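Colleague: Chains as they are written, first to last, in the numbering used here: chain A, 1 to 425; chain B, 1 to 154.
Dumping the structure here so I can ask a few things about it.
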Ligand SMILES: Cc1cc2nc3c(=O)[nH]c(=O)nc-3n(C[C@H](O)[C@H](O)[C@H](O)COP(=O)(O)O)c2cc1C
Ligand code: SF4
Ligand code: FES
């Protein structure tokens, strides 16, 4: 089984130096890409069917194709790596950033070249201090070896790459909020259209891609679209970093063919549930995805299959709900996070999420009232897609609306018995 | 007054910034790295370097969770309160830390050694419950390992 993204990541996760990385075949895709027109690089990525690993799953090649090209395009153009990774339960990009920083830089160079960008940024979250240090070192090495800077490898292409360390806030991961953060402003999202591809950072054409997305680019260039599609076991191409956390025997991250099932991940890779704990459900792709239940164990973990099962692949890092954890406590924790991280720009989200948080807390504490479940359901609709300025609020209510659907009896029991049945265990 | 080193670091950011204001978060991060937090005085000094008013810069600063506008202890303990850590024992761990230090979230010990703060998912969910002390990540943290961890920070 091929694991292109993690093949150079050693068990101790100490990253390769630029020399060792070159010996392992690194930076070959830069030579290959710079020898062809940018448009051809775009076409290869488009043909590979790579879908963005940041959560929404949009076609990467398609996204790039909206960037104005040629001499008429407004400049500078920007390429930005989204390494904010603040989605609760998500721990995949950190592995790539810490374990193989040169792979990411290689991906940045090829991607930036494909859209003729002259400036690139890696937007990294505040808490990723080790990753930041390793990336800084790797960028220095890349400059010293002329993979970055003026006239890369003797060509006419030049690229500057900088790290921007965030100061914390989940909304910075939303791509237009991220652009405001890079401009040194409060990170509230922007209205779309105009889309960043046309008018992004400082009003110039900009692409924002997730770190895992970018790490795939060198391998697609080196091995071609068909190889990339063959890595997968489903319609969505490539491998995927999958993670499982919660009360399983071996919580971890694995690079596996796109399309492994929920059951394989939990039972084989994560070693099954810890002794004394039973599986009740899972949010498959980070905090803002709908629950799947024991009925969904054979669902393939690819974008379309998870969507068909009523949830989203999201970040592909799942969190397991066990029978010793109160489902109301579980979603209360999630909603508390989203209420805290709401940027406050639009009213439904700013006021609605704290309201949900209060109701969930009172239900959990045994002070729930008849009618509370209906109020929660109503809010899930009011905060759903189309009613708020960005996707934070719709994402926030996904686990809640599905918890009410699958664990309704637990909600009702809390209210009827005026206590949390899990608290006395 | 900003130190020479702070001025130098901020000017280095400004040298390649597309607009002065775009260096605001970088500049605040620099001050915080040197001073531990951003005082009103530092806010004014940085603002004037960026051609912003102190209020404009403060509006940016207060948006972000990890620009500290109040002094913190010599070490900052960040306890992940997100979902995987919640499932894996965040509540008992937090109680343990609070009891040891005698402080709640947002507070600093009397000897100024530790400040305790919550943080969202640290990206270490496979090692839950996780905490970060200054720049170091720990997990899974138990009541027993907590002793050894705190010992390292004087
Ligand atoms: C509230 C919110 C937070 C987000 N956080 C992240 C993040 O931390 N990392 C990320 O790559 N994408 C995040 N996204 C998705 C981005 O907006 C964007 O879709 C993504 O970076 C595009 O990259 P991709 O096409 O490579 O997936 C977030 C979206 C929302 C609405
Ligand atoms: S939905 Fe929430 S996070 Fe998004 S713009 Fe509105 S207030 Fe901000
Ligand atoms: S939930 Fe605590 S590290 Fe991810």
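Don't be surprised by glycine CBs; every beta carbon is placed ideally from N, CA and C.
The structure presented is a predicted model; accordingly, all values stated were derived computationally and were not measured.
Within the stretch 230 to 307 of chain A, note down every full beta strand (DSSP E) run reaching 3 residues or more, in order along the chain.
Modeller: As far as the stretch 230 to 307 of chain A is concerned, its whole beta strand (DSSP E) runs of at least 3 residues are 239 to 245, 252 to 257 and 279 to 283.
Colleague: Can you tell me whether residue 369 of chain A is buried or exposed? The criterion is at least 16 other CB atoms within 10 Å of its CB, across all chains shown.
Modeller: Taking the first chain and counting its residues from 1, the one referred to as residue 369 of chain A is at position 369. It counts as exposed.
Colleague: Exposed or buried, what is residue 237 of chain A when buried is set at 16 or more other beta-carbons lying within 10 Å of its beta-carbon?
Modeller: Position 237 of the first chain, counting from 1, holds the residue named residue 237 of chain A. Flag for residue 237 of chain A reads buried.
Colleague: I'd like to know if residue 42 of chain B contacts chain A, where contact means its C-beta is closer than 8 Å to some C-beta of that chain.
Modeller: Numbered from 1 along the second chain, position 42 holds the residue referred to as residue 42 of chain B. With 8 Å as the cut-off, residue 42 of chain B does not count as an interface residue toward chain A.
Colleague: Let me see if you follow: with CB-CB separation under 8 Å, is residue 170 of chain A close to chain B or not?
Modeller: Position 170 of the first chain, counted from the start, is the residue given in the question as residue 170 of chain A. Taking Cβ atoms only, chain B reaches closer than 8 Å to residue 170 of chain A, which makes this a yes.
Colleague: Can you give the Cα-Cα distance for residue 212 of chain A and residue 194 of chain A, rounded to whole angstroms?
Modeller: Position 212 of the first chain, counted from the first residue, corresponds to residue 212 of chain A. Position 194 of the first chain, counted from the first residue, corresponds to residue 194 of chain A. Each residue's alpha carbon lies about 25 Å from the other.
Colleague: For a test of the three-state rule: what should DSSP assign to residue 399 of chain A, helix, strand or coil?
Modeller: Numbered from its first residue, the first chain carries residue 399 of chain A at position 399. Looking at residue 399 of chain A - three-state DSSP - the assignment turns out to be helix.
Colleague: Can you tell me whether residue 501 of chain A is buried or exposed? The criterion is at least 16 other CB atoms within 10 Å of its CB, across all chains shown.
Modeller: Chain A is shown only over 1 to 425; residue 501 of chain A falls outside these bounds and no answer can be derived.
Colleague: Using a Cβ-Cβ cutoff of less than 8 Å, which residues in the same chain neighbour residue 273 of chain A once the five nearest sequence positions on both sides are dropped?
Modeller: As a first step, residue 273 of chain A must be located in the first chain, where it is residue number 273. Answer for residue 273 of chain A: 247, 248, 249, 266, 279, 320 and 322, listed in chain order.
Colleague: Does the beta-carbon of residue 83 of chain B, which I'm using as the reference point, lie nearer than 7 Å to any heavy atom of ligand 3?
Modeller: Taking the second chain and counting its residues from 1, one reaches residue 83 of chain B at position 83. Correct: residue 83 of chain B has its Cβ closer than 7 Å to ligand 3.
Colleague: When the cut-off is 8 Å and only beta carbons count, does residue 60 of chain B lie next to chain A?
Modeller: As a position in the second chain, residue 60 of chain B is number 60, starting the count at 1. By this cut-off, residue 60 of chain B is an interface position.
Colleague: For the putative contact between residue 108 of chain A and residue 161 of chain A, defined by C-beta atoms under 8 Å, what is the C-beta separation to the nearest angstrom?
Modeller: Counting from 1 along the first chain, the entry for residue 108 of chain A is found at position 108. Counting from 1 along the first chain, the entry for residue 161 of chain A is found at position 161. Contact holds; Cβ gap of about 6 Å.
Colleague: Which parts of the stretch 335 to 384 of chain A are runs of the alpha helix (DSSP H), unbroken and 4 residues or longer, counting only runs that do not cross its ends?
Modeller: Listed in chain order, the complete alpha helix (DSSP H) runs (minimum 4 residues) inside the stretch 335 to 384 of chain A are 347 to 364 and 372 to 382.
Colleague: What's the C-alpha gap between residue 137 of chain B and residue 70 of chain A?
Modeller: Counted from its first residue, the second chain places residue 137 of chain B at position 137. Counted from its first residue, the first chain places residue 70 of chain A at position 70. Going from the Cα of residue 137 of chain B to the Cα of residue 70 of chain A covers about 46 Å.
Colleague: Assuming residue 123 of chain B contacts residue 94 of chain A (C-beta within less than 8 Å), just tell me the rounded distance between them.
Modeller: Counted from its first residue, the second chain places residue 123 of chain B at position 123. Counted from its first residue, the first chain places residue 94 of chain A at position 94. With a Cβ gap of about 4 Å, residue 123 of chain B and residue 94 of chain A count as contacting.
Colleague: Alpha helix (DSSP H) containing residue 221 of chain A: first to last residue?
Modeller: Here residue 221 of chain A refers to the residue found at position 221 of the first chain. Where residue 221 of chain A is concerned, the enclosing alpha helix (DSSP H) stretches over 211 to 223.
Colleague: Check whether the Cβ atoms of residue 384 of chain A and residue 394 of chain A lie closer than 8 Å to each other.
Modeller: Here the question's residue 384 of chain A lines up with position 384 in the first chain. Here the question's residue 394 of chain A lines up with position 394 in the first chain. Contact flag set, yes.
Colleague: Answer yes or no: the CB of residue 380 of chain A versus the heavy atoms of ligand 5, is any distance below 7 Å?
Modeller: Here the bound small molecules are ligand 1, ligand 2 and ligand 3; ligand 5 is not part of this structure.
Colleague: Does DSSP put residue 119 of chain A in a helix, a strand or coil?
Modeller: Here the question's residue 119 of chain A lines up with position 119 in the first chain. Strand, per DSSP.
Colleague: By the 10 Å Cβ neighbour count, where 16 or more other Cβ atoms means buried, how is residue 86 of chain A classified, buried or exposed?
Modeller: In the first chain, counting from the first residue as 1, residue 86 of chain A sits at position 86. Buried: at least 16 other Cβ atoms inside 10 Å.
Colleague: For the alpha helix (DSSP H) that contains residue 107 of chain A, what are its first and last residues?
Modeller: The residue you call residue 107 of chain A lines up with position 107 of the first chain. That run of the alpha helix (DSSP H) goes 101 to 114.
Colleague: Residues of the stretch 241 to 258 of chain A in Cβ contact with chain B at a cutoff of 9 Å, in chain order, please.
Modeller: If the cut-off is 9 Å between Cβ atoms, the stretch 241 to 258 of chain A has 243, 244, 245, 246, 247, 250, 251, 252 and 253 near chain B.
Colleague: In whole angstroms, what separates the C-alpha of residue 268 of chain A from that of residue 185 of chain A?
Modeller: Your numbering for residue 268 of chain A matches position 268 in the first chain. Your numbering for residue 185 of chain A matches position 185 in the first chain. Those two C-alpha atoms are separated by around 46 Å.
Colleague: Residues of the stretch 117 to 128 of chain B with a CB closer than 7 Å to any CB of chain A: list them in chain order, please.
Modeller: Here the close residues are 119, 120, 121, 122, 123, 124, 125, 126 and 128.
Colleague: Helix, strand or coil: how does DSSP classify residue 149 of chain A here?
Modeller: The residue you call residue 149 of chain A lines up with position 149 of the first chain. Here residue 149 of chain A sits in strand by DSSP.
Colleague: Between the C-alpha atoms of residue 119 of chain B and residue 130 of chain B, what's the straight-line distance to the nearest angstrom?
Modeller: Here the question's residue 119 of chain B lines up with position 119 in the second chain. Here the question's residue 130 of chain B lines up with position 130 in the second chain. C-alpha separation (whole angstroms): 10 Å.
Colleague: Please look up how many angstroms separate the CB atoms of residue 126 of chain B and residue 48 of chain A, rounded, as I've assumed it's under 8 Å.
Modeller: Taking the first residue of the second chain as 1, we reach residue 126 of chain B at position 126. Taking the first residue of the first chain as 1, we reach residue 48 of chain A at position 48. With 8 Å as the limit, residue 126 of chain B and residue 48 of chain A do not qualify as a contact, their Cβ atoms being about 29 Å apart.
Colleague: Got a sec, what are the start and stop residues for the beta strand (DSSP E) residue 161 of chain A sits in?
Modeller: Here residue 161 of chain A refers to the residue found at position 161 of the first chain. Counting along the chain, the beta strand (DSSP E) containing residue 161 of chain A begins and ends at 160 to 165.
Colleague: Go through its chain and collect everything with a Cβ distance to residue 407 of chain A's Cβ below 7 Å, but skip five positions before and after it.
Modeller: As a first step, residue 407 of chain A is located in the first chain; it is residue number 407 there, counting from the start. Within the same chain, residue 407 of chain A has close Cβ partners 327.
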